[in-house]
Structure formats: structure tokens, C-alpha cells
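Enquirer:
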């Protein structure tokens, strides 16, 4: 088995006719966590949506590979079934669809098999406890009226349930208070394993205090401008992006 | 809730117009219906909520595919009383619902929820009129429509606040979910206010399924087709989630094909 889990090769992407990504390349090995940092509007979320297969984002050229298999043209649900996961920066509300119904449908689709109601409930209850989510969430409409922190906890719960081998976390730390940040980050850190990979998109060092990245990339003008070890995130925290050309 | 079958259909079809009734409060309320035509095409329903009573009525129309039905409802609400009325139009070829409601006592309130689950070439209409005749009354009128295929739906709402009916509160909403380019909905929410010092709002929204919502569900392994179906079911579920009796509500969900994960 190759050590490379996830690879982006020279990815160029446009959104509604406007070019946003200009040749992104990176490689995540099994067990690694990579962080992407960068100013607002540099294309980080475009990268996240493109990796998930959002139809609004058009891949002009380049490739996305998961476990050696090209997934560039797959639909989002096909990527999810191959155990690719995106934790959304702004999870949308879906009125009238309960969290429980959604999670059951999602689990069934990703696992490709029915899960017994009692097994489903005990599985969910376990995860709710770990993440400090009240059980009453299960009967609420998905993300409707949820605070920023509640949405991010629910995203984390989904990640833990669906057990992806590659996860992209798009500003999962935004909208979290200090306690929620700790709970979510510790859970994400706990999700690390030698056969999984993570790409953490963030503005701040604070989340990286819990999820120690192996590689940090600086994003600017729709591409990676600089890569380094964890010390790069600390330098950005202290000095900002001024010193990086093009950031 | 007490259950009634208003319209008996041939034994080989499990459809018709069904009604459930629930009464509470210290006052008296009543519910009468009459089939005007022998064929059962017209139903006259009278609802009366006497002082300090609460009457909840749910009416489901799921007559056979080629049937036509006209449901006329008159309601009277007296002081400190409340009527909660839900009417679902699901079956038949054409179906008209007419509601005329009078709020006759202080603190009288009516809440009306209409749901049109329109498909094929069905033609559904709701005409609802609420009269606030005296001060301190309130109403909440909502009609939700999921419009598929080549269906046509009409909502005409009219809330009248008479002279002297100060401190009335009236809310009116028509929400349409367009699921086909060939479906047509017409929406006419109207307010007639003859004095100051009232709180009123009315509006109509017409939309399609939101692509970002579909993508979110897809990103969790759910196909686009299943995502759309889940969202439509969510829309229908929202419209009737206010039905007070859980057994009645679950029965309605089942009849409308709304799958709900039971969490207990």
C-alpha cells in the first residue's frame, strides 16, 4: 500500500467564470495532518468545495486522487462513499429534516448497508455524550436555529460517525467559544490515526495547539505559496502574512 | 383525537376525506358536517368554539385520483376560545377548500394550516377569509404548497379587520415550493384594515429546492434524488408539524409518505 493517501495535482478551478485556484498541488501521507492558512478571499474555501465536488466549482485542469484513485469527476456522494469528508465552514440548515433522519440516511449511504434502529441509537448516544451534545438535537431540524458552535459540533459528530479516511476541515474553529474549541479540537485530534489524513483550513494557531500539524501551507492568490513544519503557523501568528510574497 | 370519515369511497380504495377532532378547555365546542350532494362531492363543515374552549380539527382529503371535492368550512370562535384547523389536500383531480371564519369574542383566535401536496395535473385551491369583528382577537393563516409536475394551485387569503377591532393581531403566509417548471401557483394574500392600532403581517414566498442544501446532503453520501425527496418531505412535515395529537400527526406523516426517524 502506498504511503500517499491524498493528492492534489496542479488544480486550476473557476467559479461562475472567475478563475480562483491557480495550480494547487499537495500530498498528504497516511497519518499526516496538513494545515492550510491564509488571508480571507485567497481561495481556501473554494479549494474545500472543489475537493468535495460542489458542482458550482469547475475544475479547469488538474487531478484529485484518493488512495491512488482519481476522484476529480466524481459526484459529492460518490466521494463521501469513498470515505472523503468535508466539515463545512457554514453548514446549511435543512428545515423539516430531523438530525436523526439525516444521520440515519447518511450512515446507510456511506456504509452501504442498513443499520438497526437500536444499534443506530446506541451509536449516536455514545457520540453525543463524547461531544456534549444534548439528545434533544436529534429531533430538531438539521442545523436550523443552531448556534455556530452547535453546528460545528454536529459536523464533528458526523466525521466521527462516518469515519472518513481523508477529512478536510474548513474553519471548523470559527464560531466556537473556548470550551467548545477544546472539545471539538480534542475530538478531532483523537480521530487521528496512522491510516487517516486530515487537511485543516484555519486562520488561527489556536486550533493547531490541539491538532498538531505535520505540514503547514500558506495559501495566497489561489495557490500554495509556502510550506513548512508546525513552526510556520507560529511565525504567521506572530508576524502575519506580510513577509510572504503574494500572500 | 376522535376520528371521523366524512366521505365514504368504494371499498377498494382507501381514500376519502377524513377528519380528526380534539376538544379541550372548560367551554363547549362543536363540529358538524353535512354531505350536500348525494355523490359526496361537497362537504359543509361547521366549527364552533364556545367561550373558553379549544377545538382542534384536522381534515385530510385524499379522494381517488379522478375525483373532485369541495370542502366548505364555517368557523365561529367566541371569547377566550381557540380553533386550530389543519386541512390537507392530497388526492383527487380537483379540490377546493373554502374557509370563512368569524372571531366574535375578546381573545378569540384561529390558526389555520393548509397543505397542498399537488402533483400530476391536480388543481387545488384554498380561499380563506378571517373576520376580526371586535377588539383583541388574533389569527394565523398559513398555506403551504408543494407543486410538482403540471399541477396548479391557488391561494387566496383575506383577513379583514373591522372598524373598532383595535388590538387585533393577524398573520398570513403562503409558502410555495416549486418542484417542476410546468407547475403553476397563484398567490393572493390580502389584508383589509379599517382602523389603527393593529398588528398585521402578510406575505408570500415561492422558491425551488436550494442547490447548496442538496450538495450538503450529497456530501454525506446521500444521492441528489434522495436529497431532493428528503427536502420535500421536510417541507411537508413542517407544514403539519403543529398538529397537536402525536398519533394523528404520525398517521398523517405515514399517509403522505413522510419517513420520520423515531428517536426515543
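Protein chains in written order, with this note's numbering: chain A, 766 to 1012; chain B, 1092 to 1355.
Where a beta carbon is used, it is the ideal one built from N, C-alpha and C, also for glycine.
For residue 1313/B, which residues in chain A fall below 7 Å Cβ to Cβ?
Expert: Simply 842, 870, 871 and 874.
Enquirer: From the DSSP output, in three-state form, read off residue 864/A for me.
Expert: Of the three classes helix, strand and coil, the one that applies to residue 864/A here is helix, per DSSP.
Enquirer: With 9 Å set as the bound, which would you pick, yes or no: does the beta-carbon of residue 937/A sit closer than that to a beta-carbon of chain B?
Expert: Not one chain B Cβ lies under 9 Å of residue 937/A.
Enquirer: Helix or strand or just coil, what does DSSP make of residue 797/A?
Expert: Of the three classes helix, strand and coil, the one that applies to residue 797/A here is coil, per DSSP.
Enquirer: Does residue 819/A come within less than 9 Å of chain B when only Cβ atoms are used?
Expert: By this cut-off, residue 819/A is an interface position.
Enquirer: Report the three-state DSSP secondary structure of residue 787/A (helix, strand or coil).
Expert: Three-state DSSP puts residue 787/A in a strand.
Enquirer: Are the CB atoms of residue 921/A and residue 967/A within a distance shorter than 9 Å?
Expert: Not a contact, by the Cβ cut-off of 9 Å.
Enquirer: Please identify the residue among 987/A, 870/A and 833/A whose C-alpha is closest to the C-alpha of residue 1316/B.
Expert: Looking at the Cα atoms, 870/A is the closest of the given residues.
Enquirer: In or out: residue 825/A buried (at least 16 other Cβ within 10 Å) or exposed?
Expert: Counting Cβ neighbours within 10 Å, residue 825/A comes out exposed, since fewer than 16 surround it.
Enquirer: Near residue 1343/B, what residues of its chain come up, given a Cβ to Cβ distance below 6 Å and the 5 sequence neighbours on each side ignored?
Expert: Excluding sequence neighbours, residue 1343/B sits near 1331.
Enquirer: From the beta carbon of residue 1140/B, is the nearest beta carbon of chain A less than 9 Å away?
Expert: No, no contact with chain A.
Enquirer: Say whether chain B places a C-beta atom closer than 9 Å to the C-beta of residue 771/A.
Expert: False, the Cβ-Cβ gap to chain B never drops below 9 Å.
Enquirer: Indicate whether the contact test is met: 3 or more Cβ pairs, each with one atom in the segment 808-824 of chain A and one in the segment 1002-1010 of chain A, closer than 8 Å.
Expert: No, they do not touch.
Enquirer: By the 10 Å Cβ neighbour count, where 16 or more other Cβ atoms means buried, how is residue 1309/B classified, buried or exposed?
Expert: It is buried - the Cβ of residue 1309/B has at least 16 other Cβ atoms within 10 Å.
Enquirer: Whose Cβ in chain B lies nearer than 8 Å to the Cβ of residue 793/A?
Expert: Those do not exist, as residue 793/A stays about 19 Å from chain B at its closest Cβ, beyond 8 Å.
Enquirer: Quick one: residues in its chain with C-beta nearer than 7 Å to the C-beta of residue 857/A, no 5 flanking neighbours on either side, listed in chain order?
Expert: 908.
Enquirer: Buried or exposed: residue 916/A, going by 16 or more other Cβ atoms within 10 Å of its Cβ?
Expert: Buried.
Enquirer: Is the beta carbon of residue 1146/B less than 9 Å from the beta carbon of residue 1112/B?
Expert: Against a cut-off of 9 Å, the Cβ pair of residue 1112/B and residue 1146/B comes out as a contact.
Enquirer: Is it the case that the Cβ atoms of residue 769/A and residue 811/A are separated by a distance below 9 Å?
Expert: Cβ atoms of residue 769/A and residue 811/A: not closer than 9 Å.
Enquirer: Tell me whether residue 766/A sits in a helix, a strand or coil according to DSSP, three-state version.
Expert: Coil, per DSSP.
Enquirer: Taking C-beta pairs closer than 9 Å, name the residues in chain B that residue 931/A reaches, listed in chain order.
Expert: Within 9 Å Cβ-Cβ: nothing; residue 931/A doesn't reach chain B, min ~13 Å.
Enquirer: Answer with yes or no whether the minimum CB distance from residue 958/A to chain B is below 9 Å.
Expert: Not closer than 9 Å to any Cβ of chain B, the Cβ of residue 958/A fails to qualify, so no.
Enquirer: Check the Cβ-Cβ distances between residue 1187/B and every residue of chain A, and say whether any is below 9 Å.
Expert: Taking Cβ atoms only, chain A never reaches closer than 9 Å to residue 1187/B, which makes this a no.
Enquirer: Using a beta-carbon distance cut-off of less than 8 Å, what residues from the segment 1319-1330 of chain B approach chain A?
Expert: From the segment 1319-1330 of chain B, only 1321, 1322, 1324, 1325, 1326, 1327, 1328 and 1329 have a Cβ closer than 8 Å to chain A.
Enquirer: Spell out the partners DSSP gives residue 1269/B in its beta bridges.
Expert: Paired residues: 1238/B.
Enquirer: For residue 884/A, count the other beta carbons within 10 Å of its own beta carbon; 16 or more makes it buried, fewer makes it exposed. Which is it?
Expert: Flag for residue 884/A reads exposed.
Enquirer: So what's residue 1288/B in DSSP terms, helix, strand or just coil?
Expert: Correct three-state label for residue 1288/B: coil.
Enquirer: Is the Cβ of residue 891/A closer than 9 Å to any Cβ of chain B?
Expert: It does not: the Cβ of residue 891/A has no partner Cβ on chain B nearer than 9 Å.
Enquirer: Counting along the chain, where does the beta strand (DSSP E) carrying residue 988/A start and finish?
Expert: Taken as a continuous stretch (DSSP letters only), the beta strand (DSSP E) holding residue 988/A covers 988-993.
Enquirer: Where does residue 918/A land, buried or exposed, given buried means 16+ other C-beta within 10 angstroms?
Expert: So residue 918/A ends up on the buried side.
Enquirer: In chain order, what residues of the same chain have a beta carbon less than 7 Å from the beta carbon of residue 896/A, not counting five sequence neighbours either side?
Expert: 918, 921, 922, 948 and 952, listed in sequence order.
Enquirer: Output, in sequence order along the chain, the residues in the segment 899-915 of chain A whose CB is closer than 9 Å to any CB in chain B.
Expert: Correct list: 900, 903, 904, 906, 907 and 908.
Enquirer: Under 8 Å Cβ to Cβ from residue 1129/B, same chain only, skipping five residues before and after it: list those, please.
Expert: No answer about residue 1129/B holds up, because its pLDDT of 47 lies below 50 and its placement is not dependable.
Enquirer: Have a look at residue 821/A and residue 1204/B and give me their C-alpha separation to the nearest angstrom.
Expert: Rounded to whole angstroms, residue 821/A to residue 1204/B spans 36 Å at the Cα level.
Enquirer: Run down chain B in chain order and give the residues with a C-beta less than 8 Å from the C-beta of residue 859/A.
Expert: The answer, in chain order, is 1304, 1307, 1308, 1321, 1322 and 1325.
Enquirer: Closer than 8 Å, Cβ to Cβ, to anything on chain A: give me those residues from the segment 1107-1118 of chain B, in chain order.
Expert: Against chain A - using a Cβ distance shorter than 8 Å - the segment 1107-1118 of chain B contributes no residues.
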